[in-house]
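Just so we're aligned, residue 5 is where the sequence shown starts under our numbering, counting upward by one. Reviewing the structure listed below.
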Amino acid sequence: MPGLIRNLCFFTAVAAVTWQAVAEDSVEDIPLREPCIVPGAKELQTRVSEHSRSEREIMDLERLSCRMLGNPDYVGRAMEFIVAEDGRVLLDDAGIAHSREMQEQMFKAYFGAGYNIVYEPFEAWVSESDDMGWALGLTKETKPNGAVEIGKYVSVWHRVDGVWKNVVEMRNYNGGVLVAR
C-alpha cells in the first residue's frame, strides 16, 4: 500500500506541474533568452480564456521555441526539440527548407549574417482529434543594418506519441509595418 500511495502522490505532483515548466526542464541545457515580445501581438489575442489545454501547450511551445533560438550556438539542439524531422519552413524570398537539417542550416546562416528574429503567438487552435494544431503570431526581425520589420506567421504542429512537433512554418513581411530604429 505505501508504494501505491507514493505513486499516487508522485502522479498528483507531476500533474500539478505546468506544461511550460515541463517543456523548459526538458531543454535545460539550452540557455534561454528573455521572453520574446512583439509589439501588437497582445492586442490581437481574442480568445485566450477559451484556449484548451492543448492550445495552451502550443502557445507555450511557440514562446519557448523563440526563447531557445536566442543563442545561435544552440540552433541544432533547439531544432531537435521543436521541429519534426521532415518539418518545412516557407519564407518570403528564401524558398522552402524541406527538413529539420535544412532549417538548422538556414537559421545558422541567418544569425551568422547578423539577423535576429523574435516571434510571439497571439492565437492557437487544435483539431478535435487533438493531434493537429496551429498558431498565428507576429514576428519582429532585426536586420544587420538595425532596421526592424514586423511580420506575421502561421505555425502548424502535429502530435505524435504525445509529443508536439512543428511540421510547417510560414512567415512573411508583406504588408508588415516597418518600425524605425
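Cβ atoms here follow ideal geometry from the backbone N, Cα and C, with glycine treated the same way.
*Buried or exposed: Gly-137, going by 16 or more other Cβ atoms within 10 Å of its Cβ?*
buried
*Which whole-angstrom value is the C-beta distance of Val-171 and Ala-88, which I expect to be below 8 angstroms?*
5 angstroms
_I'd like to check one pair, Val-130 with Ser-53: are the Cβ atoms closer than 8 angstroms?_
no
*Please work out which residues of its chain come closer than 8 angstroms, Cβ to Cβ, to Tyr-119, disregarding the five sequence neighbours upstream and downstream, and give them in chain order.*
Glu-145, Thr-146, Lys-147 and Pro-148
*Rounded to whole angstroms, what's the CA-CA distance from Asp-134 to Gly-99? Just pull it up for me.*
30 angstroms
*How would you write the range of the beta strand (DSSP E) that Ala-128 sits in, first residue to last?*
120-130
*asked:* Check for me: the alpha helix (DSSP H) holding Glu-3 runs from which residue to which?
replied: As displayed, the chain neither begins before 5 nor continues past 185, which places residue 3 out of reach and without an answer.
*Return yes when the Cβ of Gln-107 is within less than 8 angstroms of the Cβ of Val-93, no when it is not.*
yes
*In this structure, does DSSP put Gly-141 in helix, strand or coil?*
strand
_Spatial distance of Ala-113 from Asp-77 (CA atoms)_ = 12 angstroms
_Residues bridged to Leu-68 [DSSP beta-bridge criterion]_ = DSSP output for Leu-68 lists no bridge partner at all.
*Excluding the 5 residues preceding and the 5 following Phe-85 in the sequence, name in chain order all residues of the same chain whose CB lies nearer than 6 angstroms to its CB.*
Val-31
_Can you list, in chain order, the residues of its chain with a C-beta nearer than 7 angstroms to that of Cys-40? Leave out the 5 residues immediately preceding and following it._
Arg-67, Cys-70, Arg-71, Val-122, Tyr-123 and Glu-124
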